[in-house]
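Peer 1: Input: one structure, supplied below.
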DNA sequence: ATGTGACTCATAGTCCGTA
DNA sequence: CTACGGACTATGAGTCACA
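See below:
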């Protein structure tokens, strides 16, 4: 039950659902390409501010990115 | 729409609903007393790992702490 | 288009206090 | 019991070259 992995999976899922590349998402969220990559792989431990940025770029609520819908 | 303030409000709300003091919550979540204080005041920008710790100590899902239920 | 290690610099998070 | 400050140490933010 690793929260970082949960966030990573949710980001990837919503990103692909929107048909975006990591680079495009990174641009929209005003983040770096490699950083987004790290988040999706569950290696990064992002702050709530980063989660909010990603959620905003993905058009979903921040809380959605923390949900573990196995 | 400050995400930090949202988290702070939710933590405080759930903490008081459980009848815990900040010190007790800090102990349960294995965090520092002053840090929990800062989170509730919305001046801290916690990581998702910290959010998960607090959620666990409060007995709620991590995503609950990011919800803005106006 | 993405994964990865290494890096600098900012800040997350701790610990000492006072009111 | 809580707010708030100041001084620390650990780790996240943000970037790069390269596979």
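Residue numbers (full-length UniProt numbering), protein chains in the order written: chain X, 1 to 70; chain Y, 1 to 70. In this text, a Cβ means the ideal position worked out from N, Cα and C, and glycines have one as well.
What does residue 43/Y touch in chain X if you count any residue whose Cβ is under 8 Å from its own?
Peer 2: Locating residue 43/Y in the second chain gives position 43, where the first residue counts as 1. Going along chain X, no residue has its Cβ under 8 Å from residue 43/Y, so there is no contact; the nearest lies around 12 Å.
Peer 1: Would the beta-carbon of residue 37/Y be found less than 6 Å away from any heavy atom of the ligand FMN?
Peer 2: No copy of the ligand FMN occurs in the structure displayed, which carries no ligand at all.
Peer 1: Evaluate residue 8/X with the Cβ neighbour count: other Cβ atoms within 10 Å of its Cβ, from every protein chain shown; 16 or more gives buried, anything less gives exposed.
Peer 2: If you number the first chain from 1, residue 8/X lands on position 8. By the neighbour-count rule (16 or more Cβ atoms within 10 Å), residue 8/X is buried.
Peer 1: Do residue 66/Y and residue 14/Y have their C-beta atoms closer together than 7 Å?
Peer 2: On the second chain, residue 66/Y is found 66 positions in, with the first residue counted as 1. On the second chain, residue 14/Y is found 14 positions in, with the first residue counted as 1. Against a cut-off of 7 Å, the Cβ pair of residue 14/Y and residue 66/Y comes out as no contact.
Peer 1: Which residues in chain Y have a C-beta closer than 7 Å to the C-beta of residue 47/X? List them in chain order.
Peer 2: Working through the first chain from its first residue, we reach residue 47/X at position 47. Per Cβ cutoff of 7 Å: 45, 46 and 47.
Peer 1: Cβ of residue 26/Y within 7 Å of Cβ of residue 36/Y?
Peer 2: The count along the second chain starts at 1 and reaches residue 26/Y at position 26. The count along the second chain starts at 1 and reaches residue 36/Y at position 36. Against a cut-off of 7 Å, the Cβ pair of residue 36/Y and residue 26/Y comes out as a contact.
Peer 1: In the UniProt domain "HTH cro/C1-type" (11-65) of chain X, which residue ranges form an unbroken alpha helix (DSSP H) of at least 4 residues, counting only runs that do not cross its ends?
Peer 2: 22-28, 33-40 and 48-58
Peer 1: Since I believe residue 4/Y is in contact with residue 44/Y (beta carbons under 8 Å), could you give me their beta-carbon distance rounded to a whole number of angstroms?
Peer 2: Indexing the second chain from 1 puts residue 44/Y at position 44. Indexing the second chain from 1 puts residue 4/Y at position 4. At roughly 7 Å, the Cβ-Cβ gap stays under 8 Å, so residue 44/Y and residue 4/Y are in contact.
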